[in-house]
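What follows is one structure encoded as structure tokens, with my remarks underneath.
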Amino acid sequence: MRKRVSNPAEFGRVAVLMGGWSTEREVSLWSGQRVLQALRARGIDAHGIDADRRTILLLGEAGFDRVFNLLHGTAGEDGTVQAVLDLHRLPYPGSGVLGSALAMDKLRSKRIWRAEGLPTPDYAPVAATAELRAAAERLGYPLFVKPAADGSSVGVVKVKRPQQCETAFAQARGEGRSVMAEAAVDGGGEFTCAILDGEALPLIRIEPDAEFYDYTAKYLSEQTRYLCPSGLDPAHEVRLRQLSLRAFELLGGRDWGRVDFMLDAHGEPWLLEVNTLPGMTAHSLVPMAALAAGIDFESLCWAILETSLSRTTGGGR
Numbered sequence: 001m002r003k004r005v006s007n008p009a010e011f012g013r014v015a016v017l018m019g020g021w022s023t024e025r026e027v028s029l030w031s032g033q034r035v036l037q038a039l040r041a042r043g044i045d046a047h048g049i050d051a052d053r054r055t056i057l058l059l060g061e062a063g064f065d066r067v068f069n070l071l072h073g074t075a076g077e078d079g080t081v082q083a084v085l086d087l088h089r090l091p092y093p094g095s096g097v098l099g100s101a102l103a104m105d106k107l108r109s110k111r112i113w114r115a116e117g118l119p120t121p122d123y124a125p126v127a128a129t130a131e132l133r134a135a136a137e138r139l140g141y142p143l144f145v146k147p148a149a150d151g152s153s154v155g156v157v158k159v160k161r162p163q164q165c166e167t168a169f170a171q172a173r174g175e176g177r178s179v180m181a182e183a184a185v186d187g188g189g190e191f192t193c194a195i196l197d198g199e200a201l202p203l204i205r206i207e208p209d210a211e212f213y214d215y216t217a218k219y220l221s222e223q224t225r226y227l228c229p230s231g232l233d234p235a236h237e238v239r240l241r242q243l244s245l246r247a248f249e250l251l252g253g254r255d256w257g258r259v260d261f262m263l264d265a266h267g268e269p270w271l272l273e274v275n276t277l278p279g280m281t282a283h284s285l286v287p288m289a290a291l292a293a294g295i296d297f298e299s300l301c302w303a304i305l306e307t308s309l310s311r312t313t314g315g316g317r
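Here this note's numbering is used: position 258 in the sequence shown is 258, and no number is missing along the way.
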């Protein structure tokens with residue numbers, strides 16, 4: 001459990017990392033600016049850093065006491081930046097090197113869940129269009145083709161017929177990303193569960209303004225609907241929140257994050273992925289779930305930063 005404080009001086013000088021060099025740079029800037037404003041509004045000595053590779057390596061010499069990392073995607077979310085912060089002995093909220101790396105890799109996440117008996121849609125790694133077509137024959141249409149280690153639905157394509165495989169593979173692969181195919185789950189809707197300091201917050205049902213919850217539906221559309229309360233039977237929601245927390249912890253998740261899953265037509269859950277550095281934009285889901293639990297945005301940012309006070313250095317999983 002986190003150490004709770006009331007004096008903003010307890011946090012010292014805080015670096016808020018944002019931007020970066022991944023495909024999620026724009027979202028990271030949105031998140032970082034919003035968190036920076038919230039921390040400053042609560043009297044915390046917070047400083048925004050539009051990070052690049054050089055500034056990350058020099059953080060240890062910049063006089064910061066801790067770091068609030070909001071570098072979504074590659075490097076910022078896959079354990080790379082976490083390793084640098086650990087080397088600099090700079091505490092930070094969120095998952096450590098191992099938890100970040102495992103959650104970022106959807107294939108390894110799914111393998112761990114399966115080994116532990118948790119439900120996740122059938123899948124296959126694919127390295128070429130021919131392999132995707134073969135996987136589609138086994139998984140059935142429709143199916144999703146996605147980068148195996150990226151976020152914000154970047155490069156995700158829903159494939160409904162064989163003629164779409166070549167284009168879908170090229171879009172998911174981009175400039176050399178590893179690619180996976182995943183069976184589609186229909187019938188019960190898409191949900192997410194925010195995690196904060198060992199507690200699963202109220203579920204959010206997502207009704208996207210698109211065929212699926214893609215980048216536009218997530219960050220740009222004003223028509224995507226978010227239902228919290230989710231409308232599920234309370235006992236069912238409790239079970240799903242427990243499953244989400246278990247899925248998060250199995251991957252080494254720490255402090256805060258988000259677990260995405262689908263329900264099928266029978267109401268059974270199918271885990272999709274864990275996000276260890278969720279968005280904190282005006283459209284983002286963790287702030288929505290926190291608000292449903294009675295936690296406003298400034299208090300949420302404070303609570304997340306408090307989790308770093310229990311560690312004298314980054315360290316941990």
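Note that beta-carbon positions come from the ideal geometry of N, C-alpha and C, so glycine has one too.
Per DSSP, cross-strand counterpart(s) of residue i
i    : result
C193 : V259
D264 : G187
V81  : Note: V81 sits in no beta bridge, so no partner.
Y123 : E182
I204 : T192
E137 : Looking at the DSSP assignment, E137 forms no beta bridge with any residue, so it has no partner.
E199 : L196
CB contact flag (residue i, residue j, <8 Å)
i    : j    : result
F64  : Y92  : no
L39  : L291 : no
R254 : G94  : yes
V159 : L143 : yes
R2   : W302 : no
L90  : G60  : yes
D105 : A75  : no
D78  : A51  : no
H72  : L309 : no
V14  : I44  : yes
Y123 : A181 : yes
E268 : P119 : yes
Start-to-end residues for the beta strand (DSSP E) that takes in residue i
i    : result
L227 : R225 to L227
H47  : D45 to A51
K146 : L143 to P147
R13  : R13 to G19
V159 : V157 to V159
Presumed contact (8 Å Cβ cut-off) between residue i and residue j, rounded CB distance
i    : j    : result
C165 : P202 : About 38 Å; that fails the 8 Å criterion.
A183 : L139 : 4 Å
L107 : P125 : 6 Å
T281 : S31  : 6 Å
V286 : R258 : 6 Å
L70  : V35  : 6 Å
L271 : G189 : That belief does not hold up - the Cβ atoms of L271 and G189 are roughly 15 Å apart, past 8 Å.
V185 : F169 : Contact flag wrong, Cβ pair sits at about 21 Å.
R66  : G12  : 6 Å
A194 : A103 : No, A194 and A103 are not in contact; Cβ-Cβ is about 14 Å, not under 8 Å.
T320 : D260 : With the chain covering only 1 through 317, there is no way to say anything about residue 320.
N- and C-terminal bounds of the alpha helix (DSSP H) containing residue i
i    : result
G32  : R25 to A41
V238 : P234 to L250
V286 : L285 to A292
E166 : C165 to R173
As assigned by DSSP and simplified to three states, the class of residue i
i    : result
W302 : helix
P269 : strand
L70  : coil
K106 : helix
R317 : With a pLDDT of only 39 at R317, under the threshold of 50, the placement of this residue in the model should not be trusted, and no figure is reported.
A62  : coil
G117 : coil
V274 : strand
S6   : coil
L309 : helix
G279 : coil
A128 : coil
I295 : coil
L57  : helix
G253 : coil
R177 : coil
S100 : helix
D209 : coil
R111 : helix
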